[in-house]
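Asks: Please see the structure below; I have some questions.
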Amino acid sequence: MAIYVTIYKISESDSFAIYEYGPNEDCVGQIQINKGTGEIEILSNVPSDDKMTSALCAKRKLYLHWKNKEFPDKTFYAA
């Protein structure tokens, strides 16, 4: 099964960036990354994603960006 998760930044401060993520723009959750530590917190999950597949994919992608000191406005996870 193919997985595609869109990830869009919705707000940013000196300490955090908050993103919406999900399989499409109508079905999203929210996730926050601490810019200093790389700690990622799921603020809300994608509705009907009981296994949190989209959240785990978004966390992985944002962590890889964080390692490169990147906080893009838009990115995606595909597998």
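Okay, so the sequence shown: first residue is 1 according to UniProt numbering, each after it adds one.
Ideal Cβ positions, reconstructed from N, Cα and C, are used throughout, including at glycine.
The model shown is predicted, which means the values in this text are computed figures rather than measured ones.
1. Counting pairs of Cβ atoms below 8 Å between the stretch 47-55 and the stretch 67-74, do you hit three or more?
2. Would you grab the beta carbon distance between Ile10 and Tyr21 for me? Rounded to a whole angstrom, and I think it's under 8 Å.
3. Grab the span of the beta strand (DSSP E) containing Ser13 for me, first residue to last.
4. Closest to Leu43 by C-alpha separation, out of Thr37, Ala2 and Val28, would be which residue?
5. Tell me, please, which residues DSSP counts as bridged to Val46.
Replies: Quick look at the numbers:
1. no
2. Not quite, the Cβ-Cβ distance comes to about 10 Å (not below 8 Å), so this is no contact.
3. No beta strand (DSSP E) holds Ser13; DSSP gives it neither H nor E.
4. Val28
5. Answer by DSSP bridge pairing: none, since Val46 is not bridged.
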